[in-house]
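Comments concern the structure below.
In my numbering, the protein residues as written are 27 to 125.
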């Protein structure tokens, strides 16, 4: 899969408040880049705690569920768009289906 944009993840983990997310986000990125997901069910097989939302959105729990990552996946084009990465408190303040 093509992941757009890795820089969003880097910006997050380079913030000293979220430095502990670096390893988990890099691992997720590496796995997502190699993946060839064709449906939400394939994601759920690999990531049991991921939440599949409407419109191709998926929420991943990162770093032992300390952070949330919201992506929009275009399965046919094999593209993942990073829409949001943040703490649970920050996640609670956004609408994951529209962010």
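Ideal Cβ positions, reconstructed from N, Cα and C, are used throughout, including at glycine.
For residue 51, the enclosing alpha helix (DSSP H) has its first and last residue at 48-60. Ranking 80, 46, 54, 39 by CA distance to the CA of residue 122 puts 80 first. Contact check for residue 125 against residue 109 passes: the beta carbons are separated by less than 7 Å.
Beta-bridge partners assigned by DSSP to residue 113: 93. Note that the C-beta distance between residue 50 and residue 99 is not below 7 Å.
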